[in-house]
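Trainee: Got a structure here, written out as structure tokens. Questions coming.
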Amino acid sequence: MSISRSSFRKALVAAGAAGIVAAPLLAAPAAHAGTTATLEVIASGLKSPHGITVLSDGTVLVAEAGEGLPGCPEGQSCVGKTGAIYKVKGSFKGRVVTGLASTGKGAAGGTQSDVTGPTDVLADPGGGYDVASGLGGTTATRAALGPEAATLGTVFRTRDGRILGDLTDHETRLNPDGGEVHANPWSLTRSGGGFLVTDAGGNTLVRTAAKGATSTEFVVPTNATPSRVAEGVPTGIVTAPDGTVYFADMSGTVTGSARIWKIAPGGAPEVLVTGLSNLIDLAVDCHGNLLALSFTQGFQAGPPLPGSISKIDVKTKTVTEIPTGDQLNTPTGLATGPHGALYVTNNSTGNDGQLVRVHY
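When you line the sequence shown up against mature numbering (1 follows the signal peptide of the UniProt record, and there is no 0), it's residues -33 to -1, 1 to 327, in that order.
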């Protein structure tokens, strides 16, 4: 997983950052929903699976970031055509789009580190798919990777390769947060004739228009915590049936500092709850509750702690944990479907990723 190859690092040193925000509403400690949930593996062998979209007929789409270029020399950044869109519909399970750009840095044994590529996917009304693709850099970074990297750091359409919004160009030209110039599109939701896209590298929410123009919707401010000032890192985004947009703010890697922001129709962004940790994606269930996925409950020496799922009542702001024990290993994507279905992409940092259904 690579939210941004520097956002985690920047978050850890953000104590010196300016612009401390007022303390928002702190969510009460999460209550537990009851017995431990069970995970049903729907698909396995996925390559760095990230965002999930569930269509009204129950079809599940998964963005696979890929594996970069297999055999990339150690220490060198390479581009391969290993990104994909995976689909589950009835008895069909398989990749319906392949050959999408994926980048990573060569590591020992021919493996890849810092892999990024397709990070989120929506079905396009005209056919094919609209894809957000990560990068972790600038327009110069992308150019240095060669022409096969053209879709990295953008929102693009698979049926014709058209760029629907170039967030890397936006970040490189404007640098809205005034910090390091670093673009890494993460998640998207439809809005008007375009999209609202979280840029986890640029710390911004970016709007794309119908013809591909981009504008800064919101710069996520730093977040004052008892131990340090955490850098705002927007990740998952979702639109509720009433038009309210919610997006997650990982707030670096500071445990207990992650926030969920709310944008009511016609309103300005405001913090809904905080006190969560390492939020990576959001979904809305059939009762109007928010579901929030934590990539990990905490970082430590060695592998991160297991991830977790929380349910938030958007009216009372009550947070309830859905107990998953140690079953979520670097989860990244979250989505709900018909009849209360809840899906997560699990083991999302290599080539043995899973799409799982959570029964709780």
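For glycine and all other residues, C-beta sits at the position ideal for the given N, C-alpha and C.
Roughly how many whole angstroms lie between the Cα atoms of Val323 and Asp24?
Mentor: If you number the sequence shown from 1, residue 323 lands on position 356. If you number the sequence shown from 1, residue 24 lands on position 57. Cα-Cα distance, rounded: 18 Å.
Trainee: Comparing alpha-carbon positions, which option in Gly292, Leu249 and Thr171 lies nearest Glu147?
Mentor: For the purposes of this step, residue 147 is taken as residue 180 along the sequence shown, with counting starting at 1. Considering only alpha carbons, the answer is Thr171.
Trainee: So, do the region 277 to 285 and the region 232 to 240 have three or more beta carbon pairs nearer to each other than 8 Å?
Mentor: Yes, since at least three Cβ pairs between the region 277 to 285 and the region 232 to 240 fall closer than 8 Å, the two stretches touch.
Trainee: Could you have a look at Asp319 and say whether DSSP puts it in helix, strand or coil?
Mentor: For the purposes of this step, residue 319 is identified with residue 352 of the sequence shown, where counting begins at 1. It is coil, neither helix nor strand.
Trainee: Where do the ends of the beta strand (DSSP E) carrying Arg140 lie?
Mentor: As a first step, residue 140 is located in the sequence shown; it is residue number 173 there, counting from the start. From DSSP, Arg140 is part of no beta strand (DSSP E) but of the alpha helix (DSSP H) over Leu134 to Leu141.
Trainee: What's the gap between the Cα of Ile276 and the Cα of Arg109?
Mentor: Within the sequence shown, residue 276 is the residue found at index 309, counting from 1. Within the sequence shown, residue 109 is the residue found at index 142, counting from 1. Roughly 34 Å separates the two Cα atoms.
Trainee: Could you name the residues that DSSP lists as bridge partners for Ile19?
Mentor: In the sequence shown, counting from the first residue as 1, residue 19 sits at position 52. DSSP, once it has assigned bridges, lists Val29 as partnering Ile19.
Trainee: Here's the rule: buried if 16 or more other CB atoms are within 10 angstroms of the residue's CB, otherwise exposed. What is Val200?
Mentor: Taking the sequence shown and counting its residues from 1, one reaches residue 200 at position 233. The residue in question, Val200, is buried, as its Cβ has 16 or more Cβ neighbours within 10 Å.
Trainee: Can you tell me the Cβ-Cβ gap for Thr118 and Ser100, rounded? I've got them flagged as a contact below 8 Å.
Mentor: Numbered from its first residue, the sequence shown carries residue 118 at position 151. Numbered from its first residue, the sequence shown carries residue 100 at position 133. Yes, Thr118 and Ser100 are in contact; Cβ-Cβ is about 5 Å, under 8 Å.
Trainee: At the level of alpha carbons, what is the spacing between His149 and Thr175?
Mentor: Taking the sequence shown and counting its residues from 1, the one referred to as residue 149 is at position 182. Taking the sequence shown and counting its residues from 1, the one referred to as residue 175 is at position 208. Using only the alpha carbons, I get a separation of about 18 Å.
Trainee: Ignore the nearest five residues each way along the sequence and tell me which others in Thr65's own chain have a CB closer than 7 Å to its CB.
Mentor: Translated into positions along the sequence shown, residue 65 becomes position 98. Closer than 7 Å at the Cβ level, and outside the excluded window around Thr65, lie Ala51.
Trainee: Look up His326 in the DSSP assignment and say whether it is helix, strand or coil.
Mentor: Counting from one through the sequence shown, the residue named residue 326 turns up at place 359. In this structure, His326 counts as strand in the three-state DSSP scheme.
Trainee: Can you say whether Glu41 is buried or exposed, counting buried as having 16 or more other CB atoms within 10 angstroms of its CB?
Mentor: Translated into positions along the sequence shown, residue 41 becomes position 74. Under this definition Glu41 is an exposed residue.
Trainee: Grab me the residues of Arg62's own chain with a C-beta within less than 7 Å of its C-beta, minus the 5 sequence neighbours each way, in chain order.
Mentor: Taking the sequence shown and counting its residues from 1, the one referred to as residue 62 is at position 95. Result list for Arg62: Ala51, Ile52 and Tyr53, in chain order.
Trainee: By alpha-carbon positions, which one of Thr105, Val82, Asp127 and Thr106 ends up nearest to Asp97?
Mentor: Counted from its first residue, the sequence shown places residue 97 at position 130. Selected option, being the one with the closest Cα: Asp127.
Trainee: Figure out for me which residue from Ala10, Thr26 and Gly18 has the closest Cα to the Cα of Gly306.
Mentor: Working through the sequence shown from its first residue, we reach residue 306 at position 339. Here residue 306 is His; the residue named in the question, Gly, does not match the sequence. When only C-alpha atoms are compared, the closest one is Thr26.
Trainee: Expressed to the nearest angstrom, what Euclidean distance is found between the alpha-carbon atoms of Gly304 and Thr316?
Mentor: One-based indexing of the sequence shown puts residue 304 at position 337. One-based indexing of the sequence shown puts residue 316 at position 349. Looking at the two C-alpha atoms, the distance is approximately 24 Å.
Trainee: Taking DSSP as the reference, what is the three-state secondary structure of Glu198?
Mentor: Within the sequence shown, numbered from 1, the residue matching residue 198 stands at position 231. The answer is coil: DSSP assigns Glu198 none of H, G, I, E or B.
Trainee: Rank Arg129, Ala75, Tyr213 and Ser218 by C-alpha distance to the C-alpha of Gly168 and give the top, closest one.
Mentor: Residue 168 sits at position 201 when you count from the first residue of the sequence shown. Of the listed residues, the one whose Cα sits closest to Gly168 is Ser218.
Trainee: Would you say Pro290 and Thr3 are within 8 Å of each other, going by their C-beta atoms?
Mentor: If you number the sequence shown from 1, residue 290 lands on position 323. If you number the sequence shown from 1, residue 3 lands on position 36. Cβ distance < 8 Å, so Pro290 and Thr3 count as in contact.
Trainee: So the beta strand (DSSP E) Thr108 belongs to, where does it begin and stop?
Mentor: Indexing the sequence shown from 1 puts residue 108 at position 141. It is not in any beta strand (DSSP E) - Thr108 instead sits in the alpha helix (DSSP H) that spans Thr106 to Leu112.
Trainee: Going along the chain, which residues of its own chain have a beta-carbon closer than 8 Å to the beta-carbon of Asp216, five neighbours each way excluded?
Mentor: Here residue 216 refers to the residue found at position 249 when the sequence shown is read from its first residue. Hits under 8 Å: Val187, Asn190, Gly199, Val200, Pro201, Thr202, Ala225, Arg226, Ile227, Trp228 and Leu246.
Trainee: Measure the Cβ-Cβ separation of Ile279 and Leu257 and say whether it is below 8 Å.
Mentor: Taking the sequence shown and counting its residues from 1, one reaches residue 279 at position 312. Taking the sequence shown and counting its residues from 1, one reaches residue 257 at position 290. In this structure, Leu257 lies closer than 8 Å to Ile279 by Cβ.
Trainee: Given a cut-off of 8 Å on the beta-carbon distance, is the pair Pro152 and Leu134 in contact?
Mentor: The sequence position of residue 152 within the sequence shown is 185, counting from 1. The sequence position of residue 134 within the sequence shown is 167, counting from 1. The answer is yes: Cβ separation under 8 Å.
Trainee: Given this structure, state the Cα-to-Cα distance separating Ser44 from Gly103, to the nearest angstrom.
Mentor: Locating residue 44 in the sequence shown gives position 77, where the first residue counts as 1. Locating residue 103 in the sequence shown gives position 136, where the first residue counts as 1. Spanning the two alpha carbons is a distance of roughly 12 Å.
Trainee: Determine, using beta carbons only, whether residue 328 and Gly84 come nearer to each other than 8 Å.
Mentor: One cannot answer for residue 328 here, as it falls past the ends of the chain, which runs -33 to 327.
Trainee: Over the uninterrupted beta strand (DSSP E) stretch that includes Arg226, give me the two end residues.
Mentor: Along the sequence shown, one-based indexing puts residue 226 at 259. First-last of the beta strand (DSSP E) with Arg226: Ala225 to Ile230.
Trainee: Among the candidates Ala10, Gly179, Phe262 and Gly71, whose CA atom is the shortest distance from the CA of Phe123?
Mentor: Here residue 123 corresponds to residue number 156 of the sequence shown, with the count starting at 1. With distances taken between Cα atoms, Phe123 lies closest to Gly179.
Trainee: Check Pro305 in the structure and name its three-state DSSP category.
Mentor: For the purposes of this step, residue 305 is taken as residue 338 along the sequence shown, with counting starting at 1. In the structure shown, Pro305 sits in a helix (DSSP, three-state: H, G or I).
Trainee: Could you check whether Ile204 and Leu163 sit closer than 8 Å to each other, using their CB atoms as the reference points?
Mentor: Residue mapping note: residue 163 aligns to position 196 of the sequence shown, counting from 1. Residue mapping note: residue 204 aligns to position 237 of the sequence shown, counting from 1. It is a contact, given that the beta carbons lie within the stated cut-off.
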